[in-house]
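First the structure, in the form of structure tokens, and then the observations on it.
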Amino acid sequence: MKHQARLSGIFILAILGALALVAVACGGDNGDANGDNGQPEAPTEAANQTPAAEPEDRGSASGSITVYSGRAEALIGPIIEQFEQETGIDVRVRYGGTPELAATLLEEGSNSPADLYIGQDAGSLGLLAAEGLFLPLPEDILGLVPAQYRADDGDWVGLSGRARVVVYNTDAIDPDTLPDSIFDYTDPQWSGRIGWAPTNASFQSFVTGMRVVHGEDATREWLEDIAANGAREYPNNTSIVEAVAAGEVEVGFANHYYLFRFLAERGEGFGARNFYFDNGDIGGLMNVAGAGVLTTTRNEPAAQRFIEYMLQQDAQDYFAQETFEFPLAPNVNVSFDVPPLAELEPVRIDLTDLGDLRGTIELLQSTGVLP
Amino acid sequence: MTVRVPRYAAFDAPAIAIGLVALAVAAAMLLPAIYLLLRVSQDFGASIDVMTGSRAISALGNTVMLAGAASLGALGIAVPAAWLTTRTDLPFARLWFVLLSLPLAIPSYVAAMTLVIFLGPRGVLQGWLEPLGVDRLPDIYGFWGAWLALTLFTFPYVLLPVRAALMSMDRSLEEAARSLGKSNLVTFVRVILPQLRPAAVAGALLVALYVLSDFGAVSIMNFPSLSQQIYVQYRGTLDRDAAASLAMLLVMVALVIVVAEGFTRGRARYHAVAAARRPVRIRLGRWKWAGLVYVSTIVGLALVLPIGILGWQVSQGLSQGESVQAIRSASINSAYVAGFAAVVTVAAALPVSYLAVRRPGAFSAIIERVSYSGYALPGIVIALALVFFGANYAPVLYQTLPLLVFAYMVLFLPQALGTTRAGFLQINPRTEEAGRSLGRSPVYVFFRVTLPQLLPGMSAAGALVFLTVIKELPATLLLSPIGFDTLAVQVWSLSSEAYFTRAAFAASVLVLISAVPMVIMAIRERTPA
Numbered sequence: 001m002k003h004q005a006r007l008s009g010i011f012i013l014a015i016l017g018a019l020a021l022v023a024v025a026c027g028g029d030n031g032d033a034n035g036d037n038g039q040p041e042a043p044t045e046a047a048n049q050t051p052a053a054e055p056e057d058r059g060s061a062s063g064s065i066t067v068y069s070g071r072a073e074a075l076i077g078p079i080i081e082q083f084e085q086e087t088g089i090d091v092r093v094r095y096g097g098t099p100e101l102a103a104t105l106l107e108e109g110s111n112s113p114a115d116l117y118i119g120q121d122a123g124s125l126g127l128l129a130a131e132g133l134f135l136p137l138p139e140d141i142l143g144l145v146p147a148q149y150r151a152d153d154g155d156w157v158g159l160s161g162r163a164r165v166v167v168y169n170t171d172a173i174d175p176d177t178l179p180d181s182i183f184d185y186t187d188p189q190w191s192g193r194i195g196w197a198p199t200n201a202s203f204q205s206f207v208t209g210m211r212v213v214h215g216e217d218a219t220r221e222w223l224e225d226i227a228a229n230g231a232r233e234y235p236n237n238t239s240i241v242e243a244v245a246a247g248e249v250e251v252g253f254a255n256h257y258y259l260f261r262f263l264a265e266r267g268e269g270f271g272a273r274n275f276y277f278d279n280g281d282i283g284g285l286m287n288v289a290g291a292g293v294l295t296t297t298r299n300e301p302a303a304q305r306f307i308e309y310m311l312q313q314d315a316q317d318y319f320a321q322e323t324f325e326f327p328l329a330p331n332v333n334v335s336f337d338v339p340p341l342a343e344l345e346p347v348r349i350d351l352t353d354l355g356d357l358r359g360t361i362e363l364l365q366s367t368g369v370l371p
Numbered sequence: 372m373t374v375r376v377p378r379y380a381a382f383d384a385p386a387i388a389i390g391l392v393a394l395a396v397a398a399a400m401l402l403p404a405i406y407l408l409l410r411v412s413q414d415f416g417a418s419i420d421v422m423t424g425s426r427a428i429s430a431l432g433n434t435v436m437l438a439g440a441a442s443l444g445a446l447g448i449a450v451p452a453a454w455l456t457t458r459t460d461l462p463f464a465r466l467w468f469v470l471l472s473l474p475l476a477i478p479s480y481v482a483a484m485t486l487v488i489f490l491g492p493r494g495v496l497q498g499w500l501e502p503l504g505v506d507r508l509p510d511i512y513g514f515w516g517a518w519l520a521l522t523l524f525t526f527p528y529v530l531l532p533v534r535a536a537l538m539s540m541d542r543s544l545e546e547a548a549r550s551l552g553k554s555n556l557v558t559f560v561r562v563i564l565p566q567l568r569p570a571a572v573a574g575a576l577l578v579a580l581y582v583l584s585d586f587g588a589v590s591i592m593n594f595p596s597l598s599q600q601i602y603v604q605y606r607g608t609l610d611r612d613a614a615a616s617l618a619m620l621l622v623m624v625a626l627v628i629v630v631a632e633g634f635t636r637g638r639a640r641y642h643a644v645a646a647a648r649r650p651v652r653i654r655l656g657r658w659k660w661a662g663l664v665y666v667s668t669i670v671g672l673a674l675v676l677p678i679g680i681l682g683w684q685v686s687q688g689l690s691q692g693e694s695v696q697a698i699r700s701a702s703i704n705s706a707y708v709a710g711f712a713a714v715v716t717v718a719a720a721l722p723v724s725y726l727a728v729r730r731p732g733a734f735s736a737i738i739e740r741v742s743y744s745g746y747a748l749p750g751i752v753i754a755l756a757l758v759f760f761g762a763n764y765a766p767v768l769y770q771t772l773p774l775l776v777f778a779y780m781v782l783f784l785p786q787a788l789g790t791t792r793a794g795f796l797q798i799n800p801r802t803e804e805a806g807r808s809l810g811r812s813p814v815y816v817f818f819r820v821t822l823p824q825l826l827p828g829m830s831a832a833g834a835l836v837f838l839t840v841i842k843e844l845p846a847t848l849l850l851s852p853i854g855f856d857t858l859a860v861q862v863w864s865l866s867s868e869a870y871f872t873r874a875a876f877a878a879s880v881l882v883l884i885s886a887v888p889m890v891i892m893a894i895r896e897r898t899p900a
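Protein sequence lines correspond, in order, to chains V and R. Following the numbering used here, the numbering of the first sequence begins with 1 at its first residue and continues without gaps. Following the numbering used here, the numbering of the second sequence begins with 372 at its first residue and continues without gaps.
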């Protein structure tokens, strides 16, 4: 009983402490609770600074920026650290899902603490651009990548390329026999052998690309035929690659770089490989991860400097070698085992058009591909 | 909404204070619903169309079916397990209890992923069976896969409150039954089970509402539930109005479930007439082995299997030259924020459950029901609601630790509510009256008489919240202070980019940390007679 009395004493203290903390929270005392966050003050005025900063401002940029990154820390963290060391600019990053962070920006509106958004696919970048959330980038930064990998109006720019591929099981498939168009997978011989990910953003972007290039009807027909072929549904790219290697399905429609992670994790014996479309087929659509400076920025020069840095040799090298993506700046070579971007000759489309996600979701729903 | 304070409370200062605190808590819980109403009212006609569309209705049916089946499954697993580990001489009972509660710490997408790796058509089990000519196992995807994953990883929601109820249950009723010559089985069914009903139903309610909100398991198992559709809207189109309309449907289902639960409670009060004494332990005898097989099968599927798969991923990666990284700060952050949230959430649950039990009436009923509304919503909905209110109306607090903890409270208060409520139900008000009659103040009596008796329920509640917060993702990602890295964030971020070695390592550490409060709880329990 004595033991119990002591316990309850501890509990009472704990609860009183908690109530005090709640009171602090409710009282809005941001003293130490705020920690390293350092909330910005009165952010709304910053939205007016429309004219893009001059290159010379960028060179001497300092201070700090807040980045909302839909790109995972494992993929971009080290190169951001290098940027901080070289420029002295303090970068605070909120990592999250590409669409979730985009939705967050929309909810925050003019009170957003963010200076910069990095998205994993052109669709989200296009949507935010359509909502007017980006400040245009200066010509010299846009000029660092070929025109097809940036927004026409200069709202955002691609940082690295990610190709759609067909992942195949090495036991079941001889890659030489794979069709050279994604449209050929509607043939009944592929019945029950295909895996895809209709709820996944990168797949949806690809479908948007198909709508842009081949039109609504052809895309509808393709979706219906693939579904009729009994394509098995997976939640994302990694589960497709895993299922292909395990032999659950023989081929899967996925992004190219996941395979390289599996090879690193499981070794060369891993039972799946990539098939690249090198003929401009829509099946090999080249999507991008990209970035844009937000209208809520309070440090436009530093935000632009960040993007510029990500398009220079070191960062582009990093993307190519560490994250297995295609560098977009033309002077960087790919050092791993994929065809260089120039040889792939992916289909040319205006990536801004990938922002029409709503039309794609409606099509996926009306064909029954999405429930 | 008009709220009438019951008349008998009018001159009772502490009761009014408790009422006001409970009201503040309930108001906080309403924020997500208010946000949804704002969104839905953007284009009310379009929202109605979305809500009444055939797609939404069929997803709704799927969700309700899954929630019901998972609740039944969880009850079926948890009630016998709770009884075995409290009321029998099962060897290592407390160790089994700790192991049985840990599946709760495994994020549902990790849990589902490990089930697919093991039970998938061409999974590990198929590999073992291949020499026997099994080329392919039946599909795990769809309803049964989602059901299995959710049942196996949510039954602790029932286990913890039921066990707490069994621990603090007075044995005099059981003794009376036995003295009347009733067998153990009859005593269990006729005497113990009815006393367990509030705790068991509260736990089943948590399972049902959790299933409504879950996205991880249904997405891996590819089951078209309402929450999956909500994510498709957010992720696919950023159409927050359409997503909110679907979320509104979930709120309505949750309300129906919560109100229905209210009806099943009945008017029963199961408190002891005399001072509570320790429960009787039943000798299992020959049945000991059956009991051991039972608990070890559950632990095997819900804990050893996922941990085994994680361990396999780590060793596989290490052998290929991958490395794991020190994750000290993420571990500390996770433990710290989960502990903080557990204490705050339990403290917030006390006044609400006190009112519901001791001052039953329309006022307390409404407050209690409202408190459940946030829990049935997918984390992304709550997170965006608080992003909206935080960024625009409380910029000073936005993306700070207090707001994050506040978000956890909004999300997980029901977990603490059910258990503390069941605890209050078991306390005999006479013990408090005795204290009052000796001239002690109500506050003194609460802290010295009531609270000590609530301890098992409160620690169970705190542990539940801790285990759930530590794996929470959407609110943590969007609302934490910038740079506030947690284990759950790492597990998600690394596994989504196929850094399996590091992800599996972080997930293992997460489960390990989750074991700490469970172990403490098991050790501190009153030693059984």
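Every residue gets a Cβ at the ideal spot worked out from N, C-alpha and C, and that includes glycine. Here the structure is a predicted model, which is why all the values come from computation and not from measurement.
In the DSSP assignment, L850 of chain R falls within the unbroken alpha helix (DSSP H) covering P845 to L850. Approximately 4 Å separates the beta-carbon atoms of F594 of chain R and A517 of chain R; this is inside 8 Å, confirming the contact.
Spanning the alpha carbons of A61 of chain V and H256 of chain V requires a straight line of approximately 36 Å. Beyond the five residues adjoining it in sequence on each side, V392 of chain R comes within less than 7 Å, by CB distance, of P722 in the same chain, given in chain order. Among the residues of chain V, none has a CB under 7 Å from the CB of A404 of chain R; the nearest is roughly 16 Å distant. Between R162 of chain V and Y605 of chain R, the alpha-carbon positions lie close to 23 Å from each other. Across the structure, Y95 of chain V and F818 of chain R are spaced so that their CA atoms are roughly 43 Å apart. For I194 of chain V, there is no enclosing alpha helix (DSSP H); the residue is found in the beta strand (DSSP E) stretching over I194 to W196.
By the criterion of at least three beta-carbon pairs nearer than 8 Å, the stretch 120-127 of chain V is in contact with the stretch 351-369 of chain V. Taking 8 Å as the threshold, the shortest C-beta distance from A517 of chain R to chain V does not fall below it.
Taking the C-beta atoms as reference points, M592 of chain R is found no nearer than 8 Å to G692 of chain R. With 16 or more other Cβ atoms inside 10 Å of its own Cβ, I194 of chain V counts as buried.
Less than 8 Å separates the beta-carbon of V758 of chain R from that of L849 of chain R.
Close to chain R, meaning a Cβ-Cβ distance shorter than 8 Å, are the following residues of the stretch 114-137 of chain V: S124 and L127. At a cut-off of 8 Å between beta carbons, F489 of chain R makes no contact with chain V. Around the Cβ of I307 of chain V, a 10 Å sphere holds 16 or more other Cβ atoms; the residue is buried. Taking C-alpha positions only, V572 of chain R is separated from V450 of chain R by approximately 11 Å. The beta-carbon separation of E233 of chain V and P188 of chain V, rounded to 19 Å, does not stay under the 8 Å limit for a contact. Selection V:G154, V:E250 and V:L285 evaluated against D140 of chain V yields V:G154 as nearest (Cα-Cα). A residue is called buried once 16 or more other Cβ atoms fall within 10 Å of its Cβ, and P749 of chain R is buried on that count. In the structure shown, R164 of chain V falls within a strand segment according to DSSP collapsed to helix, strand and coil. Within 8 Å of the CB of E81 of chain V, no CB atom of chain R is found; the nearest one sits about 12 Å away.
Residue contact check for Q797 of chain R against chain V: no CB pair falls below 8 Å.
In this structure L328 of chain V is in contact with G158 of chain V, their Cβ atoms being roughly 5 Å apart against a cut-off of 8 Å.
With fewer than 16 other beta carbons inside 10 angstroms of its own, E216 of chain V counts as exposed. In the three-state reduction of the DSSP assignment, L772 of chain R falls in the helix class, which pools H, G and I. With fewer than three CB-CB distances shorter than 8 Å, the stretch 662-682 of chain R does not count as touching the stretch 831-842 of chain R. For the 8 Å CB-CB criterion, I349 of chain V and V212 of chain V form a contact. Around D610 of chain R, the beta-carbon contacts reaching into chain V at under 7 Å are R358.
Assigned with DSSP and collapsed to three states, G158 of chain V falls in strand. For G688 of chain R, the C-beta contacts it makes with chain V under 7 Å involve E265, in order along the chain. Residue contact check for G109 of chain V against chain R: a CB pair falls below 8 Å.
Where Y95 of chain V is concerned, there is no enclosing alpha helix (DSSP H), although the beta strand (DSSP E) around it starts and stops at D90 to Y95.
Taking the beta carbon of G247 of chain V as reference, the chain R residues within 7 Å of it are R493, listed in sequence order. Looking only at R:R801, R:K659, R:L676 and R:L567, the smallest Cα-Cα distance to G789 of chain R is reached by R:L567.
Contact note: S112 of chain V reaches chain R through A762, using a C-beta cutoff of 8 Å and chain order.
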